[in-house]
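Single-structure report; data block below.
2 protein chains.
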Amino acid sequence: MAAPAVLRGATTRSWAEIEKIMASGNVKGRIAKDEVPTPALMLDLDLFEANVKKMVAHAKANNRALRPHGKTHKCPEIAKYIVKQGALGACAAKLSEAEVFAAHGVRGLLVTTAVVGKHKIERAVRLAGVAPDTIFCVDNAQNAQDLNDAAGAAKRKLWVAIDLCVSGRTGIMPGAPAVALGEQIAKLGNLRFKGIQAYAGGASHTKGWEKRKAASIAAMTPAIETRAELNKRGVETPWLSGGSTGTYNIDSGIDGITELQPGSFMFMDTDYNLIGGKETGENYADFGNALTIQATVVSRPTDAHVIIDSGYKAMATDRPFVPLLKMAGVKFAFNGDEHAKVTSTEGALKLQVGDRVEVIAPHCDPTVNLYDRIYCTRGGQVEAVWAIAARGMAQ
Amino acid sequence: MAAPAVLRGATTRSWAEIEKIMASGNVKGRIAKDEVPTPALMLDLDLFEANVKKMVAHAKANNRALRPHGKTHKCPEIAKYIVKQGALGACAAKLSEAEVFAAHGVRGLLVTTAVVGKHKIERAVRLAGVAPDTIFCVDNAQNAQDLNDAAGAAKRKLWVAIDLCVSGRTGIMPGAPAVALGEQIAKLGNLRFKGIQAYAGGASHTKGWEKRKAASIAAMTPAIETRAELNKRGVETPWLSGGSTGTYNIDSGIDGITELQPGSFMFMDTDYNLIGGKETGENYADFGNALTIQATVVSRPTDAHVIIDSGYKAMATDRPFVPLLKMAGVKFAFNGDEHAKVTSTEGALKLQVGDRVEVIAPHCDPTVNLYDRIYCTRGGQVEAVWAIAARGMAQ
Numbered sequence: 003m004a005a006p007a008v009l010r011g012a013t014t015r016s017w018a019e020i021e022k023i024m025a026s027g028n029v030k031g032r033i034a035k036d037e038v039p040t041p042a043l044m045l046d047l048d049l050f051e052a053n054v055k056k057m058v059a060h061a062k063a064n065n066r067a068l069r070p071h072g073k074t075h076k077c078p079e080i081a082k083y084i085v086k087q088g089a090l091g092a093c094a095a096k097l098s099e100a101e102v103f104a105a106h107g108v109r110g111l112l113v114t115t116a117v118v119g120k121h122k123i124e125r126a127v128r129l130a131g132v133a134p135d136t137i138f139c140v141d142n143a144q145n146a147q148d149l150n151d152a153a154g155a156a157k158r159k160l161w162v163a164i165d166l167c168v169s170g171r172t173g174i175m176p177g178a179p180a181v182a183l184g185e186q187i188a189k190l191g192n193l194r195f196k197g198i199q200a201y202a203g204g205a206s207h208t209k210g211w212e213k214r215k216a217a218s219i220a221a222m223t224p225a226i227e228t229r230a231e232l233n234k235r236g237v238e239t240p241w242l243s244g245g246s247t248g249t250y251n252i253d254s255g256i257d258g259i260t261e262l263q264p265g266s267f268m269f270m271d272t273d274y275n276l277i278g279g280k281e282t283g284e285n286y287a288d289f290g291n292a293l294t295i296q297a298t299v300v301s302r303p304t305d306a307h308v309i310i311d312s313g314y315k316a317m318a319t320d321r322p323f324v325p326l327l328k329m330a331g332v333k334f335a336f337n338g339d340e341h342a343k344v345t346s347t348e349g350a351l352k353l354q355v356g357d358r359v360e361v362i363a364p365h366c367d368p369t370v371n372l373y374d375r376i377y378c379t380r381g382g383q384v385e386a387v388w389a390i391a392a393r394g395m396a397q
Numbered sequence: 003m004a005a006p007a008v009l010r011g012a013t014t015r016s017w018a019e020i021e022k023i024m025a026s027g028n029v030k031g032r033i034a035k036d037e038v039p040t041p042a043l044m045l046d047l048d049l050f051e052a053n054v055k056k057m058v059a060h061a062k063a064n065n066r067a068l069r070p071h072g073k074t075h076k077c078p079e080i081a082k083y084i085v086k087q088g089a090l091g092a093c094a095a096k097l098s099e100a101e102v103f104a105a106h107g108v109r110g111l112l113v114t115t116a117v118v119g120k121h122k123i124e125r126a127v128r129l130a131g132v133a134p135d136t137i138f139c140v141d142n143a144q145n146a147q148d149l150n151d152a153a154g155a156a157k158r159k160l161w162v163a164i165d166l167c168v169s170g171r172t173g174i175m176p177g178a179p180a181v182a183l184g185e186q187i188a189k190l191g192n193l194r195f196k197g198i199q200a201y202a203g204g205a206s207h208t209k210g211w212e213k214r215k216a217a218s219i220a221a222m223t224p225a226i227e228t229r230a231e232l233n234k235r236g237v238e239t240p241w242l243s244g245g246s247t248g249t250y251n252i253d254s255g256i257d258g259i260t261e262l263q264p265g266s267f268m269f270m271d272t273d274y275n276l277i278g279g280k281e282t283g284e285n286y287a288d289f290g291n292a293l294t295i296q297a298t299v300v301s302r303p304t305d306a307h308v309i310i311d312s313g314y315k316a317m318a319t320d321r322p323f324v325p326l327l328k329m330a331g332v333k334f335a336f337n338g339d340e341h342a343k344v345t346s347t348e349g350a351l352k353l354q355v356g357d358r359v360e361v362i363a364p365h366c367d368p369t370v371n372l373y374d375r376i377y378c379t380r381g382g383q384v385e386a387v388w389a390i391a392a393r394g395m396a397q
C-alpha cells in the first residue's frame, strides 16, 4: 500500500489557461496532476489497465465470460476500454444507467436490478430497440408477464434472466420457485430466456480467502442446482452469472458458473483491501489501488491538525474512512460535508495550507457516483478527463 | 412525524408522455407525484415554504441578518426563493458552488471555506467581478496577502472575513491570532474587512436544547470577545456570522452575533430531528420534514422482507438510516449501493413489488448532493422540477 503522496510546488500557469485546455478536450500531457481543482477523483491509468488486463486474462484462462459491473465506473469510456480488452459487455445496476451506456455505444448490457412498473418497462423495451442484446433480470411471474406483454406490443423480443436470491438481497428463491419462473419465461413468446443471475454480495466481502470460498460455494450451490434442474426439465439455461471482486478466483473454479460480473477490481478500494487475499494474506492485493481522491489542505488551525477539502460530498461514507491510509504519524477522519481532518499522532504536522494530499477511496462505487468527471493520469500528468456520464443514474 | 406514505395505483399514461412534459419545462399540475422515476428526491413545497418563512420571521423578530447556507440545497431556484422571502443572500461551502450561484444571478454570497491556492484565488477574483458583494473567508496571513495581491493585480476589492476556529474544524484560533489577522487585513489595500465567521458545528448537533444553548454560548463567546477586541483596537468589525439549524434560536439571543447561516432547516432531516427542541422535547420539530426520497419496491424475496431501489447512491450514509422512519411493523436498513431492505417485525409485509415508499433523508445536505434535480410537489402533484445546478461542486 503506497503512502498518500503530498504534492508541493504551485503551478505557474493561470487558471484561465488550464480552463482553456480542459475545454479543448485535448488535455494529454498538457495538465499536471497537481493542477486539477480539488477535491478531484483521480485514476492511475497504469494501475487501472493492469487491473483490467489481469481480470480479462483470469477469465480467459478459466473459460469464463466476463461482463464487469458498470455501476462501479458509470463511465462509457471505461466500459468501452474493458470490452476492447476482452470483456463481452457491461453490467448496469439500473435501467437509467444502462440507457446511458447504450446511448454511448456500449453493447452486451445486463441490467442487474429488475425493471419494475409500467414506465420503466416501456423504457426497457425502448432500450432493447437500441441495444437488442441487453439482458433484463426478472424475479417474479407478474414482472415476466408484464415484460412479455410490453415487448409483444412493440413487436420486440427481450432477453431475460432470472434474478436469484442467494444473499438476502433481491431475487426469487432458488429451487422450486425459480424453476417455476424459468418454465414460465420459456413459454412467454416475446421473452428469450438467458439463464440465471446469482450475485452473492455477502460472500464477496467475507474476510479471509478460505472462508470466502466456503461462503461463495454455499451461496452459489443452490444457483447451480437450480440451473441443472431447469436444464433437466428441458428449459435450456446456458448461462449463470456470478462472481465479484472478492470471489472472482473462487467462482471461476466452480462448475456451472459461466460468467463473472466483478466491478471494484478495476479501481479497488480500502474496503476490498481488508478482505484478505488468496496469496497476499490479510491485505487483499490482487489488484492495485488505481482510484484516489486528491484533496488540498485548506486550514491549519493548530500544529497538530489540518483540514482538507474532501468531506461527505467527496468520499463515500458507508464504510469507515481510511484504515489503510497510512501516512507516517497521522490519522484521517471525516469532518462534515465538506472537510476531513488530518491529525498528528506524534508532534507537529508537516502539512501546510496549500499542500495536496492524495487518499484512497473508502468504497469506490459510491465515491465515483459523487463526481462528474474522472482525471486519468500517468506519470504525474493528466492524460484524459472522462465524463462519469451515468453519475446519479440510480433510477 | 408522518409515517412514510405508500403510493399505489399505477398511472395510465405512457413514459413517452411524461418525458415530453418534463422536457417542456412546464410541469405544473401535469405530472403526479407517483409518476416520477424512482429513486427520486422530493420537496414538499408547503412544508418548505413554511420552514423558510418561519426562519425569516425569527431572524427579523430578533434583528439578525439571515444568509442561509446554500450547501444544503445547491439549487439556484431555492437560493432565490429564500432571498425573495427576506434573506440577504446565500452561503456557499466552496468556491465552485458560489460560482454556480453567481452565474444564476444569486448575490449576497458568503464562501464559507477558505479559497486556497493560486488557481482558486484567481477564480475568487473573477467571481468578485461578477458578484462584487461576495465575502471570502480567510484564516491565515499568507492567504490574506495572496488574496490582496491577486485583487490588486485585477484592480478589484475583495470582501473578506476571518474564519474563526470555534469547533475544531477550519479557522484561526480566537483571541490574539485572530486579532492580528484582522489588523493585517485592515491594512491590506485591496481587501475590505467584513468581520468574523464562527460556525460552531459541534454545538449545532448537541442533544437537548439547554445543553445545546450552553455549548453554543461556550463556543461563540471567544468569537464575540475577538470581535470586541478588534473593535476596541480600531479595526471596524461590524459583522459576526454564526447560527445553524440547531442553534438559530440560541444564537439569535446572543449579543454580538449579527447574522445567522443555518441550512438544514429548510428541508430538515432525521439527524436534526434527533437533537431535541426548545419546546418540542426529544423530537426537534421546529421545522417540517419537507425533503423525502421516493423509492419503489423492486423485489419481494420473502413475505417478511422487500427490497426498495434506493441505496448508498440515493441516500446519505454518514448517519444511521432511519431511526425516525416509523412505518407500523417494519424496519429499514441499507442494502448496498443500489438498494435498501424493508423488513417486517410482525408477520407478512403488506408491501408488494411496484409499490412506492416515501422516506425522510437521514442527512439532507449529502443526500441532495446525489441528485441532479428535485421534484417539487404540492398536494400529490409535481409543481416544478428544479436543477440542483451546483451538485458535485465541492471544489
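So the protein lines, in turn, are chains A and B. When we follow the working numbering, the leftmost residue of the first sequence carries the number 3, and every step to the right adds one. When we follow the working numbering, the leftmost residue of the second sequence carries the number 3, and every step to the right adds one. Built from N, CA and C at the ideal position, the CB exists for glycine as well.
Item	Value
Residue range of the unbroken beta strand (DSSP E) whose run includes Tyr377 (chain B)	Arg375 to Arg380
Residue burial classification, Asp288 (chain B) (beta-carbon count within 10 angstroms, cutoff 16)	buried
Beta bridge counterpart(s) of Phe103 (chain A) as assigned by DSSP	Paired residues: none, contrary to the question.
Thr208 (chain A) at chain B interface by Cβ criterion, 9 angstroms	no
Backbone CA spacing between Arg10 (chain A) and Lys120 (chain B) [nearest angstrom]	Note that Arg10 (chain A) has pLDDT 41, beneath the 50 cutoff, so the model's placement of it is unreliable and the number below is only indicative. Cα-Cα distance, rounded: 13 angstroms.
8 angstroms Cβ shell around Pro408 (chain A) - same chain, five flanking residues per side excluded	For chain A, the structure presents residues 3 to 397; residue 408 (chain A) sits outside this window and is missing.
Anticipated Cβ contact below 8 angstroms, Ala95 (chain A) with Leu111 (chain A), distance rounded	Actually they do not touch by this definition, with Cβ atoms about 11 angstroms apart.
Bridge-paired residues (DSSP) for Ser243 (chain A)	A:Gln199 and A:Glu261
Range covered by the beta strand (DSSP E) that runs through Phe336 (chain B)	Val332 to Phe336
Cβ-based burial, Gly236 (chain A) [other Cβ within 10 Å; buried from 16]	exposed
Beta-carbon spacing of Leu242 (chain B), Ala200 (chain B) below 9 angstroms	yes
Own chain partners of His60 (chain B) with C-beta closer than 7 angstroms, once the 5 adjacent residues on each side are dropped	Tyr250, Asn251 and Ser254
Three-state secondary structure assigned by DSSP to Thr172 (chain A)	coil
Same chain only: Cβ atoms within 7 angstroms of Lys215 (chain A), ignoring 5 sequence neighbours per side	Ile252
First and last residue of the uninterrupted beta strand (DSSP E) at Gln296 (chain B)	Leu293 to Thr304
Nearest neighbour of Gly131 (chain A), chosen from A:Val344, A:Arg109 and A:Glu340 [CA to CA]	A:Arg109
Asp141 (chain B) vs Ile174 (chain B) beta-carbon contact at 9 angstroms	yes
Against chain B: residues of the region 352-380 of chain A by CB proximity under 8 angstroms	Val355, Gly356, His365, Asp367, Pro368, Asn371, Leu372, Tyr373 and Asp374
Cβ neighbours of Gly88 (chain A) in the same chain (closer than 6 angstroms, five flanking residues each side left out)	Val58
Supposed contact pair Leu43 (chain A) and Ile376 (chain A) - C-beta distance, whole angstroms, cut 8 angstroms	5 angstroms
Phe336 (chain B) at chain A interface by Cβ criterion, 9 angstroms	yes
Assumed close pair Ala339 (chain B), Val299 (chain B) - CB separation to whole angstroms, cut-off 8 angstroms	As written in the sequence, residue 339 (chain B) is Asp, which differs from the Ala given in the question. In fact, because the Cβ distance is near 18 angstroms, the residues do not count as touching under 8 angstroms.
Exposure label - Lys122 (chain A); buried when at least 16 CB within 10 Å	buried
Within the region 76-127 of chain A, ranges of the beta strand (DSSP E) (whole runs, at least 3 residues)	92-94 and 111-113
Validate contact between the region 272-285 of chain B and the region 13-28 of chain B using beta carbons, cut 8 angstroms, 3 pairs	no
Which of helix, strand or coil DSSP assigns to Arg32 (chain A)	coil
CB contact check: Gln186 (chain B) to chain A, cutoff 9 angstroms	no
Members of the region 77-103 of chain B that neighbour chain A once the beta carbon cut-off is set at 8 angstroms	Ala95, Lys96 and Ser98
Residues that Asp151 (chain A) contacts on chain B, provided the C-beta gap is smaller than 9 angstroms	Result: empty, since nearest Cβ-Cβ is about 14 angstroms, beyond 9 angstroms.
The region 341-361 of chain A / the region 307-326 of chain A touching (three or more Cβ pairs under 8 angstroms)	yes
Strand pairing of Leu68 (chain B), partner residues [DSSP]	B:Leu262
His75 (chain B) at chain A interface by Cβ criterion, 9 angstroms	no
Ser206 (chain A) vs Thr247 (chain A) beta-carbon contact at 9 angstroms	yes
CA-to-CA distance, Ser301 (chain B) to Arg171 (chain A), given in whole angstroms	8 angstroms
Where Asp367 (chain A) falls, given that 16 or more other Cβ within 10 Å makes a residue buried	buried
Partner residues on chain B for Pro303 (chain A), Cβ-Cβ distance less than 9 angstroms	Asp141, Cys167, Gly170, Arg171, Thr172, Gly173, Ile174 and Met175
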